[in-house]
Each structure stands twice: as structure tokens, then as C-alpha cells.
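Chains as they are written, first to last, in the numbering used here: chain H, 1 to 322; chain Z, 323 to 860.
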């Protein structure tokens, strides 16, 4: 039998690995969209997104400390109690005090973590007092956004499909020969993270999302908002956000939904309230047919057989509950 | 040979049949069936591994270079199904088949013919499953979790369902056999609380299997009837509920992941005391911790579903229950470290893999604790952070323990020592490359890369390339393992002693090496000082 498989290098490597991790935690890289070499979760840009970030950092810190203690004890044991150094095995196999300590201390740590996490869950679950409602519908392989209500006023016919932008789509074809690095908006690489038409929302507004799907299960996820929520046919889920800073926040579908699951990104463009209201007014104007006289047909004439022929077929017709 | 002396009155028990077909296909011998299971799982390990190589090759850099997205999804789905049901589970059943009778002093498994059947179902199940890859329409591509409605879009669902039924039947029969053997066939004096921890871990695992495999069978049968017989269990348009499937699936699925780790706990609890030359610390606590984890596994399933829109109360309950698992798991880790403390350690290959198991499984446990925190899971869920987590617990957890067990008992099985040098080369390559493979995936997930995608933004490029390089080299390192096994079985000249390892304790080391075809025809005398965990009285 041989011995001496563990070299001092292992110890060093482990320490370095954990130190790197710890560094990543405390430096808290702050950005909204993924960065090359990003090591930690984004703190996000919404009112709630600091919750998962904070919990992530606390839990990681706890794990690093426990890891240093446990692995430290292990490595000391491996150096001190090796046969090649003449160690003679002891006979004990119990230590009640120690066993009580290492059962109760973890319980206390868990109670603290559970307390912190429960607060985060409660605030997340509270979708009341929202100032705006957007309906999100997942389809294979695009998203549909319908603006339902803003500041207590219901919105009619503002909705659109949002799918992968053309440049990414051409580049991502098998052996397209095109360079993913060349897909850019300004200086930002947007390969597979850009859409033809983003979801435009106001900052500083509590927005309620009602999320569902038309075919299979999808999941709506923008890391900067701090959560993902499954889009399930036949079920309407609710979640909320309140974005603090204007910006373009990118995300992706997070539930396997078929062959193009990797190619249905989400882009949320958060703009100042005034700008949003202007955008909304434009959208509403565009959705309303310019021929004003056609409007009175709706309330009175129930028996106009000719109506279906002339009525505008708007994409909103696809707005189903799934 | 020593065993012949004890066989005066058993003239029908001489040795293995000479005829190859009779010996292997009609075997009722626990050792041969154990070997069949182990060889089968090794084959599946390499097939499932080759799927992983396709995945890592496509993810080597941004842009689609090798396969179509649909085929990529077939690869992720098949990789999981083959590794879980074909590699890890049969490997544990193989180890159990070989070692449980030897460890409790039984002549064979309680139900030898059922043992044969439960193995020989598997090749047919996996032929069915793998054949879908060559069919028009392709194999299953909706993920191993088979969530409807997506899984119902595939044309191979009937094959998958039937294959899963067969695997389930095989597992249930295997579990019944193990329970019957442990409860009825122990040698006199081998009390339940004197059994090796490995035997305990398998006893508990077998109950988990019997409890949850029928649940999986029910879930996939409902998929089948939804697809072909017009039922609407999971079809919202017909009054069904797609989330119902997830509840049923994970009621199976969470105990399933413990089915894949509890026997690993048992293996490591055998190996560490042997090479530390010191009894296992807190034997009863170890057994109780395994039982607690098994119980908790039934009440945590919805932590896989934090993002489906559970009610607040549900989120809180499943979060708390999940966090509780950290307590018994922590006890196990602390006990392994305490077993090493004050020992007289040597570092042969099984011990190296066992130590790597303790460290790397614990890292997987840490990320598990982080995932348990529901608000943080809203970010982690379905990202590479999860992929990193479950590969730490399944590859450096379950598979490292299986490899450790294989090195540990290989001399007992073959009668020859494997090459310690090549074993160590295998270990160091495995342990380095597996971390290069999976550690960067934590960063990818935290940075926002979803799992199960064939292509990604260039921000994820650097860690994906590192991960792929680690993946290729980890895969290649397992060819060394294959070489070590082939050498030990057919070419090694170094004879193994009966005890094999200086610090080895337990009944399996009292029989000759290689273990004769029939052992313990006469029940052995159990000597308490010889038991692996030492002092059982206090």
C-alpha cells in the first residue's frame, strides 16, 4: 500500500478558490446585463431585486465560513494523522458535546437565513397597489405583451409580439459563418439578447405582470428585475416590479420550451414616466383606426352582417387566455 | 481453494457454469448479477458521457457549430435519462448485489430468480429508449423531467414511457430483493444496528424506491393517455393542469435524487474508516441522519417549482423543509471529518475518491442550501447555477463514491490488485478536470445563463470554453478508469490478500480473494470487533 497522495498544492488551490469567491461577493459587481467574466449575481435595478442579491451574498458568506472550518479541519487531519508520519489510530467514536454543538449551531444559522428569506418572499408575493398591468404571454418561440391598465385607466389594443432580432437570428443558424461577436447595439454585444420590439415600461412605477402561455410552459426572466415566473397555459401567474433606473434590461426564456428555447429573449426598456406616457399615447393612436366614423358601429349596430369584412384584423385578436 | 473445504455436503455448489450463456444470462448468483449490473452501468456511463461531450462541444463557443437545436435538446434529455437510470442507479444496485450478502453473511440474495429478471429487463429498457434516437422524429427532447405540454409534442413519448415503466419495474424488484435479503438473511449475531452503514443506506434507499417508482409510473402513464387516449390530466384546455404533472413528478423526483446519494453516503462511510484505521464516528447518528434525510425527501418536492407561482404559504413551507435537510447532511459531513481526526491515514485511490467526495459533495450541498432560499431561487432557478449544483452532488458525489467503491472492492472481486499508480493518475485527472468543468458553471448561472440552451451571448463565452475543456478532459480521464479495470481483471499479476486493506473490517474481508462463487453457505460467526464501525455497544 502506498501513501502520500495529497500534496500541499491542493490546500493552496482550495484556499485561493474560496478567496476568489469571497472577493467576488464583497466587490459586488454592479451591472444590469451579463458581463464577460461576471462572477456574482446582479444586484438588479428594481426595488425588489436587492432581496435575492442580498440573500445570495449572505448565504454564500455563510457557506464560505463553514467551508473554511470544515475543509480546514479536514486538511489538518490529513496532514497530522497520516500513517507515514507515524500517527497511531485512536479508538474513540463518540463525542456527545461536539455532536450537540454541530446539530444546534446549523439550526440557529438556518433560522436566521429563513427569517431573511421569508421577508423577501412576503414582499415579492404582494402585488397589490400596482399602478400598471402588463399581460405577458409566452408562445413557441416569442413573447406577446399586452398593456392592460395604466394609472387606473384601462388600455385598449396596445399589444405586440416580441421576438429575436433579425441579426441574431441570422447569425445563430447552424454553420451560418457569421460572427456572434459582431452582433452589437452601440458597444454592447446583444447576440441572442435582443428583440425586434422591446417591452417599454416606465420607471418608478409598480408594475404588475400577469403571465401566461399559449402553448407550452415558458418562464419570463429578466435578471435585473430579480425574479423569473413561469408562463403556464391555463394559469395566470402574477408578479411585480418597480424599476428604479431607466435602461435596457435583457433576459431570456428560462423554461425549456422546445427547439428554439434558447432563442426567445426578453428586452425591457425602462424609460422616464413622461416618455412612457408619450410612447403609450402614440401606440394607442396607432391602434385606433384613423377612419373615425367606423367607431360608432360598435355600440349600436349589432346586426351589421357586413361588419366582419371591413373590420380591421388587428394582431390583438390573438390575445387569448391560452 | 479454501471454500471447497466447507462444501462437503453441497455437491450442487461447485462454481460458475462453464457455458457463457448459462452463466451470464440465466444467472441466479448475486456476484454474477452484481457484475452484470456494474458492467451495464459502465457502458451506460460512457454512452451518457458521449452525449455530454456533444453538449459541451456545441457550447464550446457562441454560435451554432455542430448540431441543430432540436438535436441538442435530445442530447440533454438523453444524457440525463441514461446517466440517472442507466449509470448511477444500476451501479448502486450492482454494488448492493455484490456486497450486501457478503456484508451481512448471507449466501445469496433472498430472491435470486427475481434478481436475474430485474437485471435483464434493463438492457431491453435502454434499447427501447436509445432506439428513439434513430427514429424519424428523433428521441425525447423535452428534458428528462418530461414536463407537459412540451413532452407531448414529441413523437417518441410512448417509447420513453414504456422504457421508464421497465426501469421502474426493475428498480422495484431490485428494492424488494434488497429489503428481503437484509431483513431475513443476516447471519446470526448481525443485528440491525451492527450492520455496515452501506447496508443501512441501501435498506433505506430500497424503501424510497418502492415508495416513489410507482408514482413516476403513474405520472408517465398519464402522459401516455393524454397523448394517445384523449385524457386531459395535464391539458388546460380540457380542464387539466400542467402543474399537476410537476407535483407528481417531483414527489418522485426528490426522493429519487436521494436514491442516488444515500448509497454513496454508505460507501464513503465504509471507506473512510478503513483508510483512517479508526471506527466510524457516531455510527447511530449516521444511520439516523440517513433515515431523516429519507423522510425529509418526501416533503420538499415543490422546491423544484418555486417559480411556477406557488402560493406564499407553499413557498414558505417547502423552503423551510428544504433548509432542514442541511442539518442531518451536516451531521454526516462532520462525522466523516471526525472519523479522520485522530486516525492513521493512508491515501490509496479509494480513500482519495472518498475524500474528494466529502469536499466536493459538501460544495454541492452549499449551493443546495443557497437554492433552498426561495427568493434567491427566483434568480437561480433553471440557470447553470442549478446545473453546477446537481453535477457537484451527482458527479463528484454519487459517481465519485461509486468509483471509490469500485476501487475499494475490486481486489475482492477479481483477486488482483489494480495499478495504484494508474488509479492515482485517474483520480488526479478526474478531480482537477471535474472542477474545471463544473465550477465555472456557478458563475455562468449567477451571471444569467439559462440551462438547456444550445447557444448563448458572448458574455458567457469565456467560462463556457473553460467548462468545455474541463469536460473533454474529464471525459478522457474516464478512459484511464476503463484501462485500470481491464488491467485489474485480466492482466494484473499482483495477488490480493483476503483482507486487502490493512484497516478493512467487516465480513466481506473474511472470505478469500477473489470471493468464491458461493460464500457463507454456512453462516459465519459474527465477531463484534471485526465490524467496520467498531464499538457498537456505546
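For glycine and all other residues, C-beta sits at the position ideal for the given N, C-alpha and C. Computed from a predicted structure; not experimentally measured.
Proximity to residue i [Cα-Cα], best of the options
i: residue 358 (chain Z); options: Z:345, Z:680 and Z:370; result: Z:345
i: residue 389 (chain Z); options: H:179, H:174, H:188 and H:190; result: H:174
i: residue 505 (chain Z); options: Z:493, Z:522 and Z:489; result: Z:522
i: residue 835 (chain Z); options: Z:668, Z:734 and Z:666; result: Z:734
i: residue 592 (chain Z); options: Z:449, Z:620 and Z:728; result: Z:728
i: residue 251 (chain H); options: H:241, H:192, H:214 and H:159; result: H:192
i: residue 643 (chain Z); options: H:198, H:77 and H:113; result: H:113
i: residue 635 (chain Z); options: H:35, H:85 and H:121; result: H:121
i: residue 147 (chain H); options: H:137, H:141, H:159 and H:123; result: H:159
i: residue 141 (chain H); options: Z:472, Z:741 and Z:484; result: Z:472
i: residue 35 (chain H); options: H:187, H:57 and H:93; result: H:187
i: residue 270 (chain H); options: H:284, H:282, H:200 and H:283; result: H:200
i: residue 806 (chain Z); options: Z:633, Z:738 and Z:423; result: Z:738
i: residue 713 (chain Z); options: Z:406, Z:819 and Z:622; result: Z:406
i: residue 853 (chain Z); options: Z:605, Z:678 and Z:384; result: Z:605
i: residue 667 (chain Z); options: Z:508, Z:408, Z:356 and Z:825; result: Z:825
i: residue 69 (chain H); options: H:126, H:45 and H:102; result: H:102
Buried or exposed by the 16-neighbour rule on C-beta atoms within 10 Å, applied to residue i
i: residue 798 (chain Z); result: exposed
i: residue 372 (chain Z); result: exposed
i: residue 560 (chain Z); result: exposed
i: residue 396 (chain Z); result: buried
i: residue 550 (chain Z); result: exposed
i: residue 847 (chain Z); result: exposed
i: residue 863 (chain Z); result: Nothing about residue 863 (chain Z) can be read from this structure; chain Z reaches only from 323 to 860.
i: residue 785 (chain Z); result: buried
i: residue 298 (chain H); result: With a pLDDT of only 43 at residue 298 (chain H), under the threshold of 50, the placement of this residue in the model should not be trusted; the figure read from the coordinates follows. Burial call: exposed.
i: residue 278 (chain H); result: exposed
i: residue 808 (chain Z); result: exposed
i: residue 56 (chain H); result: buried
i: residue 172 (chain H); result: buried
i: residue 678 (chain Z); result: buried
i: residue 707 (chain Z); result: buried
i: residue 166 (chain H); result: exposed
Rounded C-alpha distance that separates residue i from residue j
i: residue 772 (chain Z); j: residue 526 (chain Z); result: 35 Å
i: residue 582 (chain Z); j: residue 466 (chain Z); result: 15 Å
i: residue 495 (chain Z); j: residue 72 (chain H); result: 43 Å
i: residue 572 (chain Z); j: residue 659 (chain Z); result: 32 Å
i: residue 531 (chain Z); j: residue 657 (chain Z); result: 26 Å
i: residue 845 (chain Z); j: residue 503 (chain Z); result: 14 Å
i: residue 236 (chain H); j: residue 162 (chain H); result: 19 Å
i: residue 131 (chain H); j: residue 116 (chain H); result: 27 Å
i: residue 338 (chain Z); j: residue 428 (chain Z); result: 18 Å
i: residue 262 (chain H); j: residue 164 (chain H); result: 10 Å
i: residue 689 (chain Z); j: residue 216 (chain H); result: 29 Å
i: residue 227 (chain H); j: residue 185 (chain H); result: 25 Å
i: residue 555 (chain Z); j: residue 475 (chain Z); result: 15 Å
i: residue 563 (chain Z); j: residue 557 (chain Z); result: 6 Å
i: residue 364 (chain Z); j: residue 268 (chain H); result: 48 Å
i: residue 612 (chain Z); j: residue 477 (chain Z); result: 40 Å
i: residue 26 (chain H); j: residue 58 (chain H); result: Confidence in residue 26 (chain H) is poor, its pLDDT being 45 and thus under 50, which makes the residue's placement too unreliable to answer from.
i: residue 501 (chain Z); j: residue 410 (chain Z); result: 19 Å
i: residue 720 (chain Z); j: residue 351 (chain Z); result: 26 Å
CB-CB length for residue i against residue j, believed under 8 Å
i: residue 181 (chain H); j: residue 780 (chain Z); result: 5 Å
i: residue 630 (chain Z); j: residue 736 (chain Z); result: 49 Å between Cβ atoms; not a contact.
i: residue 399 (chain Z); j: residue 463 (chain Z); result: 6 Å
heavy atom of the ligand GTP below 8 Å from residue i C-beta
i: residue 405 (chain Z); result: Absence of the ligand GTP is noted for the structure shown, with no ligands found whatsoever.
Taking any Cβ of chain H, which residues in the segment 775-795 of chain Z have a Cβ under 9 Å from it, in chain order? Within the segment 775-795 of chain Z, those residues whose Cβ lies closer than 9 Å to any Cβ of chain H are, in chain order, 775, 776, 777, 778, 779, 780, 781, 782, 783, 784 and 785.
Note down, in chain order, all residues in the segment 135-151 of chain H with a beta-carbon under 8 Å from any beta-carbon belonging to chain Z. So the list is empty, because no residue satisfies the distance condition.
What residues from the segment 178-192 of chain H come within 7 Å of chain Z, judged by C-beta to C-beta, listed N to C? 180, 181, 189, 191 and 192: these are the residues of the segment 178-192 of chain H whose beta carbon lies less than 7 Å from some beta carbon of chain Z, given in chain order.
Note down, in chain order, all residues in the segment 617-643 of chain Z with a beta-carbon under 7 Å from any beta-carbon belonging to chain H. Within the segment 617-643 of chain Z, the qualifying residues are 629, 630, 631, 634, 637, 638, 641 and 642.
Against chain H: residues of the segment 582-606 of chain Z by CB proximity under 8 Å: If the cut-off is 8 Å between Cβ atoms, the segment 582-606 of chain Z has 598, 599, 600, 601, 602, 603, 604 and 605 near chain H.
Which residues, in chain order, does the segment 339-359 of chain Z contribute to contact with chain H at a C-beta distance below 7 Å? Using a CB distance below 7 Å, no part of the segment 339-359 of chain Z faces chain H.
Any C-beta of chain H within less than 7 Å: which residues of the segment 391-402 of chain Z qualify? For the segment 391-402 of chain Z, the residues whose beta carbon sits under 7 Å from a beta carbon of chain H are, in order, 391, 392 and 395.
Near-chain Z residues of the segment 197-214 of chain H (beta-carbon distance less than 7 Å), N- to C-terminal order: Cβ contacts with chain Z come from no residue of the segment 197-214 of chain H.
Please name the residues in the segment 653-681 of chain Z whose beta-carbon is closer than 9 Å to at least one beta-carbon of chain H, in chain order. Flagged, chain order: 653, 655, 656, 657, 658, 659, 660, 661, 662, 663, 664, 665, 666, 667, 668, 669, 670, 671, 673, 674, 677, 680 and 681.
May I ask you to list, following chain order, the residues of the segment 701-713 of chain Z that have a beta carbon less than 9 Å from some beta carbon of chain H? Answer set for the segment 701-713 of chain Z: 701, 702, 703, 704, 705 and 707.
Determine which residues of the segment 167-178 of chain H have a Cβ less than 8 Å from any Cβ of chain Z, and write them out in chain order. So the list reads 171, 172, 173, 174, 175, 176 and 178, given in the order they occur along the chain.
For the segment 245-278 of chain H, which residues have a beta carbon sitting closer than 8 Å to at least one beta carbon of chain Z? So the close ones are 251, 252, 253, 254, 255, 256, 257, 258, 259, 260, 261, 262 and 263.
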